[in-house]
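Below is one structure, written out as structure tokens; the observations come after it.
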């Protein structure tokens with residue numbers, strides 16, 4: 429087994445291992461990957477030497493496609509900001525309409 433990358437925590441390392449495993453690449457994790465919590469300790473991701481180039485390509489493709497995936501779907505924060513803006517605009521329109529109604 430050879431070093432492929434170092435993940436920042438057991439959760440990230442397990443996600444990488446699952447991604448590579450989905451394409452039939454065996455992995456070995458070294459470091460603090462055994463704990464149940466996604467702590468931010470460095471975890472080495474190792475793969476068989478014969479699969480190293482394919483594993484690098486898979487992770488590279490994932491890194492390239494990830495930003496476009498995030499642009500395609502709105503983040504939860506952007507969705508909440510949009511909801512807040514719509515609520516404030518609705519409230520302002522309601523106050524404006526009520527103010528005109530009360531001045532009659």
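In the numbering used here, the protein residues as written are 429 to 532. C-beta atoms are modelled at their ideal positions from N, C-alpha and C, and glycine is treated no differently.
Query                                                                                      : Result
Between the CA atoms of residue 433 and residue 481 - distance to the nearest angstrom     : 12 Å
Where residue 436 falls, given that 16 or more other Cβ within 10 Å makes a residue buried : exposed
Simplified DSSP assignment, three categories, for residue 459                              : strand
Continuous alpha helix (DSSP H) stretch holding residue 440: start and end                 : 438–450
Alpha carbon of residue 469 to alpha carbon of residue 515, nearest angstrom               : 42 Å
Distance CB(residue 456)-CB(residue 474) smaller than 8 Å                                  : yes
Residue 458 versus residue 447 - alpha carbon distance                                     : 17 Å
Closest residue to residue 452 among 486, 517, 510 and 441 (Cα-Cα distance)                : 486
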